[in-house]
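Each residue of the sequence shown is one higher than the one before, starting from 1 at the first, in UniProt numbering. All residues carry an ideal CB built from backbone N, CA and C; glycine is no exception. Source: prediction; values computed, not measured.
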Amino acid sequence: MFKHILIPTDGSELAGQAVDKGVALAASLGAAVTIVTVTEPFHILSTDAMQVESSRSSYDADAAAYADRVLKAARAKAEAAGVRVQTHHKWHDDPWQAIIDTALEEGCDLIAMASHGRRGVAAVVMGSQATRILTHSKIPVLVYR
């Protein structure tokens with residue numbers, strides 16, 4: 001059925017659960033996974049606490065280190081389950097678009113993701129990434145709640 005599953009993660013608890021479930025699905029199907037995390041580039045005006053507290057250079061370094069930790073943890077889960085895995089860290093103003101683009105670039109036939117990542121004011125202002133992916137993706141999307 002599905003041969004290559006894209007699993008986006010932002011390192012949140014809910015996204016971690018989606019990684020667990022997506023990896024389990026891949027293992028049961030004999031599918032490969034691509035795990036992606038997306039970082040929004042530094043902006044002078046932002047609702048992201050990390051950006052408000054940082055300079056551009058410190059934000060970039062902190063964000064890259066955080067993405068590396070998130071991807072290493074997700075890779076370890078996939079490897080422990082015997083699932084072929086590759087990881088990507090993308091920088092993009094629109095995480096939903098970067099997720100869809102990565103799925104297309106990597107030839108994924110399913111996106112398996114958490115129902116939401118942002119919370120609070122950021123979710124109200126920017127909306128749900130999952131909703132945007134569901135709206136714009138031509139690839140099937142499995143949403144974990």
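In the DSSP output, which residue or residues are listed as bridge partners for residue i?
i         : result
proline 8 : Val36
The alpha helix (DSSP H) with residue i in it runs from where to where?
i         : result
lysine 21 : 13 to 29
Assuming residue i contacts residue j under a Cβ cut-off of 8 Å, what Cβ separation, rounded to an integer in Å, is found between them?
i            : j           : result
leucine 142  : alanine 112 : 4 Å
histidine 4  : alanine 27  : Going by Cβ atoms, the distance from histidine 4 to alanine 27 rounds to 13 Å, so no, they are not a contact pair.
histidine 89 : alanine 67  : 4 Å
Can you give, in chain order, each stretch of the alpha helix (DSSP H) that sits fully within the segment 56 to 142 and has at least 4 residues? 56 to 80, 95 to 106, 120 to 126 and 129 to 136
Touching or not, the segment 55 to 62 and the segment 99 to 107, by the rule of three or more beta carbon pairs under 8 Å? no
Are the segment 36 to 45 and the segment 1 to 12 touching by the rule of at least three beta carbon pairs closer than 8 Å? yes
Would you call the segment 21 to 32 and the segment 78 to 95 in contact, with 3 or more CB pairs under 8 Å? yes
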